[in-house]
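The opening residue of the sequence shown carries number 18 in the working numbering; numbering runs sequentially from there.
Where a beta carbon is used, it is the ideal one built from N, C-alpha and C, also for glycine.
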Amino acid sequence: MMPADKPFFRSLRARFLFYFLILSALSLLLLGAVFGYFVLRQEHREEVKARGELTEQAQAMAVDLEVMLALGQYDRISQLLRLEGNLVNATGLVVNSAGDIMAPRPLSMSMPLRIDTNLLAQGEIETQETDIGRVGKVFLVAVPLQSGQNPTYYNLIVAKGVRNLAQTSTGEIMRNVLIAAAIALGLSILLALLLSSYVLKPLRNLSHAAWDLAHGNLERRVEVSGQDEITELSRYFNYMAERIQQSSQLQKDFVANVSHEIRTPLTSIEGFSQALMDDMVQDEEDRKRYLNIISEESRRLKRLVSQLLALSRIDAGAWTLRVAPLSLSSYLAEIGEKFQPLADENALSLSIEAASDTPAIETDRDTLEQILQNLLDNAIKFTEAGGEITLSSKPAGDGGAVIEVKDNGRGIPSDELKQIFDRFVRVERSRSQRFGGAGLGLSVCRDLVNLLGGRISVQSEPGRGSIFTIELPAKLPGSSEAQI
């Protein structure tokens, strides 16, 4: 059963969409502010220009009106005002000194009958903005009219709505900008949904794969494509899944192997001991052979239990190190004496080669003995009769020491060298089953060498033997007796 998808507003997709919208909104606001500033500035420039042009047009109209006033052609004044007013999209008025509108006739319903005298020009052209009745806010140009034959004082007033001064309509432009912004925001939402679905699809696949892996589907993998961070995460997930599958298989093999390793000696011990107890063996030589088998199987079972306990103590951090100065020359000689009988029993040559300049190091002799015991035991097992095994030491460049266990036995296949120190790994199962062992000895060696602050490596060639190299520091950090 797959995990239920999270509610949209609690999902990573919703968060991605929210951040995208915030960024889009801020970008649109900034763009709108900058655009509005330039629109207003352009409108102001056009207004200034339009006012200057309206003033010039009013002066030209005044010249024509003065001619008509001088000739007494009053009937043509209204016609001229309407004609030229339409040309400049403005309203022209002839006003006397009392503010009465003399022309045009008839007046528009929206125009007042009188004009405030404060708006009239007193000998010079006046320009200003004001409110005129129902007309609203207008820009006025008042031009005094002069006529030599008519002493009556007149003004030509040309009025144009402030909103009509500039060709640019700010309100309309901003309205269009808002509409465009709304459309852009809607498209951004749609695009964000599509992008989030595309970008987050690999993460959803990873989530589902992790769910499958957690519920036992160890073969689950995710598709890897591209070069981005999610691709890198997918590679790591597949690597992790591969390691988990390998570990699970190794543990299954380990349980099966340990069960077999325990059952085999127990079966032998039980069978031969029962035969002896029932007096089924009369020949003395057979009785000794049975007792020898029981003893050998007991030792085999003891080694297995010892390795399991060692791993358990290492994993629990309960392995105790007793650090003290150790002379490797004499120490390796002691180890050689202990293993010489076993080497003689298998018709093998065991030699000790400790370089004279090998320094004394501070380490735990018991832990080091456990390591060398496992390595020498393997060397003896997998070296044919007549073979040679060498235990040697030499100084290391950092003041420490290097210990080598070398044999000319069967060797290790190259494809198994990378995992030779992993737990539960056995080299060539047929050989391992023949000689016993559950694939724990080298893993114990690696973990113990790490506790001593060193490292272990191997070189091997099938048919020519193996060399296990242990590099130990001159001094292990810590007290003379430390709990690791």
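Item, Value
"Residue 123 - partner residues in DSSP beta bridges", "DSSP, once it has assigned bridges, lists no residue as partnering residue 123."
"Sufficient close CB pairs (3 or more, under 8 Å) joining the region 471-482 to the region 339-352", "no"
"Host beta strand (DSSP E) of residue 409 (start-end)", "405-412"
"Beta-carbon proximity check, residue 353 vs residue 392, cutoff 7 Å", "no"
"Residue 470 versus residue 489 - alpha carbon distance", "7 Å"
"CA-to-CA distance, residue 402 to residue 475, given in whole angstroms", "22 Å"
"DSSP beta-bridge partners of residue 147", "155"
"Residue(s) in a DSSP beta bridge with residue 490", "DSSP, once it has assigned bridges, lists no residue as partnering residue 490."
"For residue 449, the three-state DSSP class (helix, strand or coil)", "Per-residue confidence for residue 449 stands at a pLDDT of 49, beneath the threshold of 50, marking its modelled position as unreliable; the derived number appears in the next sentence. Note: residue 449 maps to helix in three-state DSSP."
"Per DSSP, the bridge partner or partners of residue 379", "342, 492"
"The region 41-55 / the region 194-212 touching (three or more Cβ pairs under 8 Å)", "yes"
"Backbone secondary structure at residue 476 - three-state DSSP", "strand"
"Rounded C-alpha distance that separates residue 250 from residue 224", "12 Å"
"Close beta carbons around residue 142, own chain, < 6 Å, minus the five adjacent residues each side", "160"
"Contact belief for residue 420 with residue 366 at Cβ below 8 Å, rounded distance in angstroms", "Contact flag wrong, Cβ pair sits at about 19 Å."
"Runs of alpha helix (DSSP H) wholly within the region 264-292 (minimum 4 residues, chain order)", "none"
"Residue 111: first and last residue of the uninterrupted beta strand (DSSP E) it sits in", "108-113"
"Beta-carbon gap between residue 342 and residue 376 smaller than 7 Å", "no"
"Residue(s) in a DSSP beta bridge with residue 206", "Answer is none; residue 206 lacks a bridge partner."
"Sequence-distant residues of the same chain with beta carbon closer than 8 Å to residue 261, five excluded per side", "230, 235"
"Separation of residue 311 from residue 321, as counted between CA atoms", "16 Å"
"Residue 430 classed as buried or exposed, judged by whether at least 16 other C-beta atoms fall within 10 angstroms", "exposed"
"Length of the line joining the Cα atoms of residue 286 and residue 304", "13 Å"
"Boundaries of the alpha helix (DSSP H) in which residue 459 is found, first to last residue", "458-468"
"With 16 other Cβ atoms within 10 Å as the buried cut-off, status of residue 493", "buried"
"Residue 372 - containing alpha helix (DSSP H), residue span", "Taken as a continuous stretch (DSSP letters only), residue 372 belongs to no alpha helix (DSSP H), as it is neither H nor E."
"Bridge partners - residue 485, DSSP secondary structure assignment", "422, 475"
"Whole-angstrom distance between residue 37 and residue 266, CA atom to CA atom", "46 Å"
"7 Å Cβ cutoff met for residue 155 and residue 75", "no"
"Proximity test, residue 213 beta-carbon vs the ligand GTP heavy atom, cut-off 6 Å", "Absent from the structure shown: the ligand GTP. Ligands present: none."
"Test item: CB-CB of residue 473 and residue 418 under 7 Å", "no"
"Coil, strand or helix - residue 239 by DSSP", "coil"
"Alpha-carbon to alpha-carbon, residue 440 and residue 434", "13 Å"
"Environment of residue 424 [buried if 16+ CB atoms lie within 10 Å]", "buried"
"Residue environment, residue 383, which counts as buried when at least 16 other CB atoms sit within 10 Å", "exposed"
"The alpha helix (DSSP H) enclosing residue 302, as first and last residue numbers", "301-332"
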